[in-house]
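Participant: Can you read through this structure? Questions will come right after.
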Amino acid sequence: MKKLGITSLSLALALGLSTLPVMLQAAPMSVNQVATATSAVAQAPTNKVGTSVAKKEQAMTTDDARVNVNTATAEDFAQVMNGVGLKKGQAIIRYRDELGPFTAIDQLQEVPGIGAALFERNKDRLKL
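For the sequence shown, the positions run -26 to -1, 1 to 102 when mature numbering (1 follows the signal peptide of the UniProt record, and there is no 0) is used.
Quick look at the structure:
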């Protein structure tokens, strides 16, 4: 009787393991892949406008994604520049309206709220 139970158990185990490769190929995503994809989306930082920084980084691949400091609107600054929302975009425009157009991109550091670190992070996204 014991031999019959062990034989049955061995047979069931063998059949179960033989279908494992088929089940692994049919699975669209493992639990770890789903958890990784979900956490990557959840961890993407966002700015005040609500767009993710990852989307901004992706948009920076073309020259069209650069913002002209003398003609851009506050929304343009907020959309293209990392760490700049509507308030800082409006501060840039206010500075430009009061003192005239920028003659060098480095002058952007003179705008209240735009420090050296923020400028360095975004200087590749700016043009005259």
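Built from N, CA and C at the ideal position, the CB exists for glycine as well.
In this text the structure is predicted, and so the values were computed from the model without any measurement.
1. Output the distance between the C-alpha atoms of Ala16 and Thr(-20), rounded to the nearest integer angstrom.
2. Quick test of your reading: Leu100 and Gly57, contact by CB under 8 Å. State the CB separation rounded to the nearest angstrom.
3. Ends of the alpha helix (DSSP H) at Asn96?
4. How many Å lie between Pro86 and Arg95 at the Cα?
5. Measuring only the C-alpha atoms, how far is Lys30 from Ala78?
6. Whole angstroms are fine: how far does the CA of Ala39 sit from the CA of Arg68?
Facilitator: Result, derived from the coordinates:
1. At Ala16, the pLDDT of 48 sits below 50, so the modelled position is not reliable and the matter cannot be decided from this model.
2. Actually they do not touch by this definition, with Cβ atoms about 13 Å apart.
3. Run containing Asn96: Ala90 to Asn96, per the alpha helix (DSSP H) assignment.
4. Cα to Cα, the separation comes out at about 16 Å.
5. Low confidence applies to Lys30: its pLDDT is 44, below 50, so where it sits in the model is not reliable enough to give any reading.
6. Taking the straight line joining both Cα atoms gives about 22 Å.
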